[in-house]
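Structure, as structure tokens:
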Amino acid sequence: MNQGEHTVSAFDTELSQLERRVLEMGGQAEAQLSAALTALQKRDTEGADRVIARDPELDEAERKIESSALSILARRQPMASDLRYVFGNVKIAGSLERIGDYAKNIAKRSLVLAKHPGVALPPELLPLATHTIALVREVMDSFTTRDARKAEAVWRRDQEIDDLASRMQRGVIFRMSNNLTDGAAHDAAEVECSTHFLFIAKNLERVGDHATNIAEVIQFQLSGTWVREARPKGGEPAVATR
């Protein structure tokens, strides 16, 4: 093997290692989100604590991806599709880290909700949670296969998450307004839990946004152009939350 072939082979190995790190981080982010939602639905405080404790692992994964990407850029000076791929992986890692943050936020809120077992979970939560986890899984599948059509399909499903989140918010507000009739103590618990439900809906909507961001990055990596079409969005949220 001559020097040029050796350099190309080493570069390919570094790109493969970077890809593996992103895939592993995607799996971690999906697992964290799934575990947080399971802890919420089962009122499992130990499970929620584990999600919170593992959040720094995603932060560290992002740092390693950034470091690897910077090293590749500095030493290899990639061009064209390779440059897009390295740059895009840094952006994907940033979105995965934010998904992990939202999973941690949901876990923290589930600890409070577990103190009020008499307050039922919103019936709209399960379909929203299911669709959101599926979107994260599907966008990482499109990254694995480098499938622009799969990425576009994820991008177009963002509206579904928005609509489900808005439906959950409206349902929570409607039930809260109808149920505040059984005394001050019950009212306080209802209001507290409803507030957390509203934030959880918004957290899941934002997870969907980040999955869509990843889909846009994948399309850029593969085509060299950013999506110019306006992102499909659902109805306006029932309340302004962040």
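Be aware that the sequence shown starts at 87, since it is given in our numbering, and climbs by one per residue. The beta carbon of each residue, even a glycine, is placed where N, CA and C say it ideally should be.
Inside the segment 98-186 only - alpha helix (DSSP H) runs reaching at least 4 residues
Correct list: 131-162.
Would asparagine 175 and valine 108 be called neighbours here (beta carbons separated by less than 7 angstroms)?
Yes, they are a contact pair.
Supposed contact pair glycine 186 and glutamine 118 - C-beta distance, whole angstroms, cut 8 angstroms
Contact between glutamine 118 and glycine 186 holds, since their C-beta atoms are separated by about 5 angstroms, short of 8 angstroms.
Need the endpoints of the alpha helix (DSSP H) that arginine 256 sits in, please.
First-last of the alpha helix (DSSP H) with arginine 256: 244-265.
Inter-residue spacing [alpha-carbon to alpha-carbon] between isoleucine 178 and isoleucine 300:
Roughly 5 angstroms separates the two Cα atoms.
Quick one: measure Cβ to Cβ for valine 258 and leucine 290, integer angstroms, because I've assumed they're closer than 8 angstroms.
Contact check for valine 258 and leucine 290: beta-carbon distance about 13 angstroms, past the 8 angstroms limit, so the pair fails to qualify.
Neighbourhood of valine 137 by C-beta distance below 7 angstroms, restricted to the same chain and skipping five residues each side:
So the qualifying residues of the chain are Gln118, Ala121, Ala122, Ala125, Ala189, Lys190 and Ala193.
Given a cut-off of 7 angstroms on the beta-carbon distance, is the pair glutamate 278 and methionine 262 in contact?
For the 7 angstroms CB-CB criterion, glutamate 278 and methionine 262 do not form a contact.
Environment of tryptophan 312 [buried if 16+ CB atoms lie within 10 Å]:
Tryptophan 312 should be labelled exposed.
Would you tell me roughly how many angstroms separate the C-alpha atoms of lysine 150 and arginine 106, rounded to the nearest one?
Rounded to the nearest angstrom, the two C-alpha atoms are 12 angstroms apart.
Can you tell me whether arginine 235 is buried or exposed? The criterion is at least 16 other CB atoms within 10 Å of its CB, across all chains shown.
That one is exposed.
Counted within 10 angstroms of its Cβ, other Cβ atoms place lysine 201 as buried (16 or more) or exposed:
Exposed, since its Cβ has fewer than 16 Cβ neighbours within 10 Å.
Burial state of phenylalanine 260, where buried means 16 or more other Cβ atoms lie within 10 Å:
Under this definition phenylalanine 260 is an exposed residue.
Shortest alpha-carbon distance to arginine 170 belongs to which of His282, Leu101, Gln255 and Met254?
Looking at the Cα atoms, Leu101 is the closest of the given residues.
To the nearest angstrom, how far is it from the Cα of aspartate 273 to the Cα of aspartate 244?
Near 34 angstroms, if we compare the C-alpha coordinates of aspartate 244 and aspartate 273.
Cutting at 7 angstroms between CB atoms, please list the residues of its own chain near leucine 221, excluding the five before and the five after it.
Excluding residues up to 5 positions away in sequence, Val240, Arg243, Ile247, Gly294 and Ala297 lie with their Cβ nearer than 7 angstroms to the Cβ of leucine 221 in the same chain.
Please check the pair methionine 254 and glutamate 183, which I expect to be a contact at CB under 8 angstroms, by giving their CB distance rounded to whole angstroms.
So it is not a contact: roughly 25 angstroms between Cβ atoms.
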